[in-house]
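Take the sequence shown: its letters are residues 5 to 242, numbered as in our numbering.
Heads up, the beta-carbon is just placed ideally off N, CA and C, and yes, glycines get one too.
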Amino acid sequence: MTRKARILIVEDEQDIIRLLQKRLVAQKYEVLTAQEGATALQIVEEQQPDLVLLDLGLPDISGMEVCKRLRARSQLPPIIVVSVRSKEREKVKVLDLGADDYIAKPFGLDELLARIRVALRHTAHSSVSAGATTYQVGPLSVDTAAHRVLLNDQEIKLTPTEYNLLLIFLRNQDKVLTQQMLLQQIWGNEEARQANYLHVYIAHLRRKLEPDPGHPRFFQTLSGIGYRFSDLLEADPL
């Protein structure tokens, strides 16, 4: 029997916990809850949830610190931040720390559930070993069976969203991918408000995987169109 997806709600407001818990249980998810950051970190360690819904305003340690500590782990559950902080710089800061998505309060439950389904679907797809492939592009190696990324034989830690974005590029090497195509595959929509998030994740991949992030070898921007993944050195006839 397939195990229910396990979701951890990290939220200090009991009313919001009850609301989310009721709706998630109705959708056949197993729900864990924590009202403090330290408790959340312990639950992640002991019970290994499949996804974390994380508020930033926690009473002990900040949600940003929780996100940072979770991303230091070898196992990386997707993190969706749910917060009243709606300024763009706050969102980008959280994404830079390793969150996979961000939804501002007040939020629609249907939208949140859709974001959860997308995040869990990506995690399931990336963990399936059937048809697993090893990609080798210059110094970059990706073993999808082991969920392992190496650059110059050094293991690189990626968040779930970064990893899924990398796989999309690898499966479409030398092809032009528009922003709309990438947004649809990563977040399941083409909303313009997600476009800035896409730029952030591309920047993350360049910083982690490019030999010289300022002069990208792999992740090439096509102005006004989108992106293309290819090895410029291998393409260079010289």
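DSSP, reduced to helix, strand and coil, places residue 88 outside both helices and strands of the structure shown, so it counts as coil. With distances taken between CA atoms, residue 17 lies nearest to 38 out of 108, 206, 157, 38.
A straight-line Cα-Cα distance of about 33 angstroms links residue 187 and residue 43. In terms of Cα proximity to residue 151, the closest of 215, 117, 8, 168 is 168.
Closest in alpha carbon position to residue 111, among 31, 153, 88, is 88. Excluding five sequence positions before and after residue 66, the CB atoms of its chain that fall closer than 8 angstroms to its own CB belong to 41, 60, given in chain order. Assignment of beta-bridge partners to residue 34 by DSSP yields 10. Our two residues, residue 30 and residue 85, have alpha carbons roughly 21 angstroms apart in a direct line. At the C-beta level, residue 54 and residue 163 stay beyond 8 angstroms of one another.
Between the stretch 175 to 187 and the stretch 214 to 234, the count of Cβ pairs shorter than 8 angstroms is three or higher; the stretches touch. Within a 10 Å sphere around the beta-carbon of residue 166 sit 16 or more other beta-carbons, which makes this residue buried.
In the structure shown, residue 75 adopts coil according to DSSP, grouped into three states. Contact check for residue 222 against residue 146 fails: the beta carbons are separated by 8 angstroms or more.
Listed as beta-bridge partners of residue 147 by DSSP are 138, 152. Residue 208 counts as buried, since at least 16 other C-beta atoms from the protein chains shown sit within 10 angstroms of its C-beta. Annotation note: the stretch 206 to 238 contains the following uninterrupted beta strand (DSSP E) runs of length 3 or greater, listed N- to C-terminal: 223 to 226, 230 to 233. Separation of the CB atoms of residue 35 and residue 99 is rounded to 25 angstroms, and the pair is thereby denied contact status at 8 angstroms. By the criterion of a C-beta distance shorter than 7 angstroms, residue 189 is surrounded in its chain by 172, once the five residues flanking it on both sides are discounted.
Taking the Cα positions, residue 95 is about 23 angstroms away from residue 225.
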